[in-house]
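Q: Once you know that position 16 of the first sequence is 71 in this note's numbering, the rest is easy, because the numbers rise by one and skip nothing. Even glycine gets a Cβ: it sits at the ideal position worked out from N, Cα and C. No experiment lies behind these values; they were computed from the predicted model shown.
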Amino acid sequence: MKIKISDDFNLEKIIYSGQCFRPYYYDGIGRFTFQNHILYVEFLGDCTYDFSCSKEEFESIWSSYFDLDRDYASIRKKAKDIFLKNAASFSQGIRILKQDKFETLISFIISQRKSIPAIRGSVEKLCEMYGEKTTVGEDSFYAFPTPEALAKASDSDLASCGLGYRVPYILDASIKVASGEYNLEALDNLSDDELFSALKEIKGVGDKVANCVMLFAYARTSRAPVDTWIQKIMDTYYSGNNPFPQYKDAAGIMQQYAFYYIQNHKI
DNA sequence: CTCCAGGGTTTGC
DNA sequence: GCAAACCATGGA
């Protein structure tokens, strides 16, 4: 179905801004997955996009996945200093995806001390090894593994996905969710500070990963994760100070503009 | 070969 | 409380 989107919406920038690891852009078409759903999106010009889904699925899943109710153009213009003005302008088109909570948690535990291509490789191997093969029409893909599937995985099989020392972290997170000790959906009712603390009780989840999960799966846009690249920006352009908290609910979006910008203008 | 990657935990002071 | 050592692995 054709969807008109007048606000910022660039498929390549959304996909390759480092917030997600399974979607990809190929031959002018973006491919996204969410749980057992798959979606292709093509830009047709004139603010019009072809979504390969029904109206019902668009409204129940993809509209919130792409955060389409938020006005990014107005947020982008709130950048105050010259660095963030440049970053926001360069990154125009990025949106913060609201991704599956368990997938985001596991993916960002894996992300520590890995390059983005290496993260993508590990996540894809996990899906092929433990994900349910899902067929939609003539198309098929591997869904991200369920907590139950990962909770009973063996150390050696997980290690074969290139997870290294993170294997016990993945198991701890999966067992906590599969056992019901953690209900990731119910955690959405917590305040930012409470959710932050709850996530950090999982092994391998520190400040940065917790903030990434909050921003990319719980839509807590006031969270601005500080990784090595954001730290370099703070050291280079802000005398070591953090420029993001002042943007309050837009802090995470500004952070994502900065991250995408610096990835493409490495110092 | 060496160095680094969207960090976190453990240890020592 | 903070700083430093340590962690597996793939890619440049």
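(1) Closer than 8 Å is the cut-off here; do at least three beta carbon pairs connect the segment 284 to 301 with the segment 251 to 258?
(2) So residue 214 packs on residue 185, CB below 8 Å; how close in whole Å?
(3) CB-CB under 8 Å to residue 227, same chain, minus the five flanking residues each way: which ones, in chain order?
(4) For the segment 225 to 250, which segments carrying the beta strand (DSSP E) assignment without a break, of at least 3 residues, lie completely within its bounds, in sequence order?
(5) Contact between the segment 138 to 154 and the segment 66 to 78 is defined here as three or more beta-carbon pairs at a separation below 8 Å; is this criterion met?
(6) Buried or exposed: which applies to residue 56, given that a residue is buried once 16 or more other Cβ atoms fall within 10 Å of its Cβ?
(7) Across which residues does DSSP place residue 136 in a beta bridge pair?
(8) Reducing DSSP to helix, strand and coil, say where residue 97 ends up.
(9) With C-beta atoms as the reference, is residue 66 less than 8 Å away from residue 98?
(10) Have a look at residue 133 and residue 178 and give me their C-alpha separation to the nearest angstrom.
(11) How many Å lie between residue 64 and residue 146 at the Cα?
(12) Alpha carbon to alpha carbon, what distance is there between residue 196 and residue 247?
(13) Spatial neighbours of residue 313 within its chain, please: CB distance less than 7 Å, with the 5 preceding and 5 following residues excluded, ordered by chain position.
(14) Buried or exposed, going by whether 16 or more other CB atoms sit within 10 Å of the CB of residue 171?
(15) Sort 231, 110 and 189 by Cα distance to residue 207 and report the nearest one.
(16) List the endpoints of the continuous beta strand (DSSP E) containing residue 89.
(17) So, for residue 188: in the same chain, excluding its five sequence neighbours on each side, which residues have a beta-carbon less than 7 Å away from its beta-carbon?
(18) I need the DSSP call for residue 170, collapsed to helix, strand or coil.
(19) What did DSSP end up calling residue 201 once you bin it into helix, strand or coil?
(20) Which residues mark the beginning and the end of the alpha helix (DSSP H) in which residue 76 is found?
(21) Quick one, are the C-beta atoms of residue 281 and residue 163 less than 8 Å apart?
(22) Where does the unbroken alpha helix (DSSP H) through residue 159 begin, and where does it stop?
(23) Tell me the start and end of each unbroken beta strand (DSSP E) in the segment 243 to 308 that is at least 3 residues and wholly inside, in chain order.
A: On the basis of the supplied data:
(1) no
(2) The pair is not a contact, with the Cβ atoms about 13 Å apart (cut-off 8 Å).
(3) 257, 258 and 259
(4) none
(5) yes
(6) exposed
(7) According to DSSP, which records beta bridges pairwise, residue 136 is partnered with nothing at all.
(8) strand
(9) yes
(10) 35 Å
(11) 10 Å
(12) 34 Å
(13) 139, 142, 285 and 288
(14) exposed
(15) 231
(16) 84 to 89
(17) 195 and 197
(18) coil
(19) coil
(20) Taken as a continuous stretch (DSSP letters only), residue 76 belongs to no alpha helix (DSSP H), as it is neither H nor E.
(21) no
(22) 156 to 165
(23) none
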